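Everything below concerns the one structure shown next.
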Amino acid sequence: MNLYIVFAVIVSFILFGLYQANKLTHIEITKQVTIDGSQQEVFDMVKYLKNYPKWSPFLEADPEQKYELKGKDGEVGIQFHWDGNGGKDLGYQEIVKIEEPTFVGVKCSIEKPFSASPRFNYSFSSTSKGTVLTQDFALESGIIDAFFMWIFGTKKEMAKINERGLVLLKNHVEK
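Just so we're aligned, residue 842 is where the sequence shown starts under the numbering used here, counting upward by one.
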């Protein structure tokens, strides 16, 4: 009898987890910040990947992270490669689209600690209070990966990291 109860609890947990994971196979997170700086200044901070170390939340968390640029900075195709946490984090991000001075599209290729291909779209607009930067993040994954993201609360963590990056960007421009 106790074995059946344990089995039923495990099966229920897995079924509930798969139900929740199904909601995480496509994650979209949008964050927005107003920065006291010109649209071109904020745009260039994102467009030129040489600037990324100034506002990277990952470098803030892992200052020993190694990185290098491959390609011509400020142009479509430029890549920012990283190797962090003693080789446990590995991948690169690449600018795939630029529309001066309103949009930068970035795709990532993460190899470690898991395989993923998120994208970031940055939109810029000028207002009387400064530049509004909108970051749209999207990640598609399989049900098994989504199940583990549900277990570990990954979406919430991603949102915090993305927000931290925008805060760092804002702070750097407003210095």
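By construction, the Cβ of each residue, glycine as well, lies at the ideal position given by its N, Cα and C atoms. The structure displayed is predicted, hence computed values, not measured ones.
Mark residue i as exposed unless 16 or more other C-beta atoms lie within 10 angstroms of its C-beta, in which case mark it buried.
i            : result
residue 980  : buried
residue 849  : exposed
residue 857  : exposed
residue 902  : exposed
residue 878  : buried
residue 883  : buried
residue 887  : buried
residue 1014 : buried
residue 955  : exposed
residue 1003 : buried
residue 904  : exposed
residue 971  : buried
residue 1006 : buried
residue 965  : buried
residue 842  : exposed
Cα-Cα, which of the options is closest to residue i?
i           : options                : result
residue 915 : 851, 987, 927 and 893  : 893
residue 998 : 898, 923, 886 and 951  : 898
residue 873 : 995, 983, 984 and 961  : 961
residue 863 : 987, 950 and 993       : 987
residue 926 : 989, 953, 846 and 917  : 953
residue 889 : 911, 843, 907 and 906  : 911
residue 982 : 866, 861, 844 and 993  : 866
residue 913 : 900, 891, 845 and 989  : 891
residue 967 : 881, 851 and 842       : 881
residue 939 : 918, 861, 924 and 957  : 918
residue 990 : 959, 1011, 851 and 861 : 861
For the putative contact between residue i and residue j, defined by C-beta atoms under 8 Å, what is the C-beta separation to the nearest angstrom?
i            : j           : result
residue 876  : residue 978 : With a Cβ gap of about 18 Å, residue 876 and residue 978 do not count as contacting.
residue 920  : residue 935 : 5 Å
residue 974  : residue 896 : Their Cβ separation, rounded to whole angstroms, is 11 Å, which puts residue 974 and residue 896 out of contact at 8 Å.
residue 945  : residue 963 : 5 Å
residue 1016 : residue 868 : At roughly 32 Å, the Cβ-Cβ gap does not stay under 8 Å, so residue 1016 and residue 868 are not in contact.
residue 948  : residue 937 : 5 Å
residue 859  : residue 992 : So it is not a contact: roughly 11 Å between Cβ atoms.
residue 958  : residue 969 : With 8 Å as the limit, residue 958 and residue 969 do not qualify as a contact, their Cβ atoms being about 38 Å apart.
For the ligand ADP, is there a heavy atom less than 7 Å away from the beta-carbon of residue i?
i           : result
residue 997 : You won't find the ligand ADP in this model; it holds no ligand whatsoever.
My parser needs the alpha helix (DSSP H) runs of 4 or more residues fully inside the region 848-892; what are they? 880-888
Every unbroken alpha helix (DSSP H) inside the region 885-951 [4 residues or more]: 898-902
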